[in-house]
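Number of protein chains: 2
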Amino acid sequence: MAKSPPSRKSSKQDLKPQIRIMFRKAIAMGPGKADLLRAIDETGSISAAARQMEMSYRRAWLLVDTMNQAFKSPVVVTLTGGKAGGGAAVTEFGKEVLQRYSTMEEKASASVAKELRSFTDMMNGG
Amino acid sequence: MAKSPPSRKSSKQDLKPQIRIMFRKAIAMGPGKADLLRAIDETGSISAAARQMEMSYRRAWLLVDTMNQAFKSPVVVTLTGGKAGGGAAVTEFGKEVLQRYSTMEEKASASVAKELRSFTDMMNGG
DNA sequence: GTACGCTATATCCATAAGAATATAGCGACT
DNA sequence: AGTCGCTATATTCTTATGGATATAGCGTAC
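So the protein sequences, as listed, match chains X and W.
If you read the first sequence in the numbering used here, its first letter stands for residue 1111, the second for the next number, and so on.
If you read the second sequence in the numbering used here, its first letter stands for residue 1111, the second for the next number, and so on.
The following block contains the structure:
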C-alpha cells in the first residue's frame, strides 16, 4: 500500500531560520516562547496555554519566568484568586516584544527563502 | 570593589539569528556543526577539531555522523590508518553545504540587524 | 613487525531537563 | 463559610545529553 502521511511532525517543508535571543545562556525569546506568549494571550492563563501546547504547567511557568527576567518590564502579568481562580495576561510591552520578534522571524525567513530551497535539495527525504 | 567584567560569554552584543536546518528532530546543520566543519577542514581530523573546539571526540563524531546521515552525500569523509593514523576531510559537497549555510547566516543576520538592536533595548543588561 | 595516531565503537557515569505529583495560597462567586 | 481554578513552589523520578574511559582496527613510516 501507499504509505499514508503519518501525522508528520518536522519535515523538510518546515525549514525556517530560527531567531533566538539569548540572555545569560538562557533563551530570552525564541520560537517556543513566542508560541507560548500567543497561547497565553489567547487563553488568559498560563495553565490553559500549557495544556494547549501540551507541556507541563511547570515548564510553561519557567519559560514565562525566564522571559520576565530577561526583559526590562514583564511580558506576562498574573493574578491569583478571582472568579476563574486567577489568570495571566500578556502585557502591552509583551505584545510589542512578540510583535517585533515575529517581524524578525518573517524578515529572516524571507531573506533566506531561496537558499533554503536549494539546501533542501541537498538533504535526504526529511 | 567594582566588579570586573568576568570573561563574559554570550552578552547582548552577540545577538544574531541562528539558522538551524532540521532533519527528523535532529539538527542537520546549525552554528555549532558549521564551526565543526570549518575546524575539520582546517585540521584534517575529527579529533583535532574536537580538541580545538574543546569538545569530546565522541561528541564531534556524533555531530559528523548526524550530518552525514542528513545529507544526500557525505559532508565529511574519513580514513583510518596512514602516516597520521588516519584523518578526516570535508568533501567538496560538504564545502558547498557549508558555503550555502554561511550565506544564509549572513543574509538572515543582515535582514534583522536593525530590529535586533531595538530588541536589545527592551532587555536587561545581558 | 612495531609504533603511532586517528577512526570507530561500547560502556559507564555525571549532570541537566523535563514530567509528574503534591501542596499552599488567593479571591471572586455562590 | 465553602468551592473553584489558577498561580506558585517544592519534591521526586525519569530521561536525555554529554564527558570520560577503554578497546579494537587500520595503514604508513620506521
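Cβ coordinates follow ideal geometry from the N, Cα and C atoms, glycine included.
Hey, how far is the Cα of residue i from the Cα of residue j?
i, j, result
"F1133 of chain W", "S1183 of chain X", "37 Å"
"D1231 of chain X", "F1181 of chain W", "9 Å"
"R1130 of chain X", "R1168 of chain X", "22 Å"
"G1140 of chain X", "G1195 of chain W", "43 Å"
"R1173 of chain X", "A1199 of chain X", "The sequence shown places Leu at residue 1173 of chain X, rather than the Arg named in the question. Each residue's alpha carbon lies about 14 Å from the other."
"W1171 of chain W", "V1186 of chain W", "10 Å"
"T1176 of chain W", "A1136 of chain X", "25 Å"
"L1189 of chain X", "A1158 of chain X", "14 Å"
Kindly indicate the opening and closing residues of the alpha helix (DSSP H) around residue i.
i, result
"I1150 of chain X", "P1141 to T1153"
In this structure, how does DSSP classify residue i when only helix, strand and coil are distinguished?
i, result
"I1129 of chain X", "coil"
"M1111 of chain X", "With a pLDDT of 34 at M1111 of chain X, under the threshold of 50, the modelled position of this residue cannot be trusted; read the value that follows with caution. Three-state DSSP puts M1111 of chain X in coil, outside helix and strand."
Please give the ranges of any alpha helix (DSSP H) in the region 1159 to 1214 of chain W, keeping only runs that are unbroken, at least 4 residues long and fully inside the region.
As far as the region 1159 to 1214 of chain W is concerned, its whole alpha helix (DSSP H) runs of at least 4 residues are 1167 to 1180.
Should the region 1151 to 1163 of chain X be regarded as contacting the region 1201 to 1210 of chain W, the criterion being three or more beta carbon pairs within less than 8 Å?
In short, these stretches do not touch, since the Cβ pair count stays below three.
Any contact between the region 1209 to 1227 of chain W and the region 1220 to 1233 of chain X? By contact I mean 3 or more CB pairs, one from each, below 8 Å.
These segments touch.
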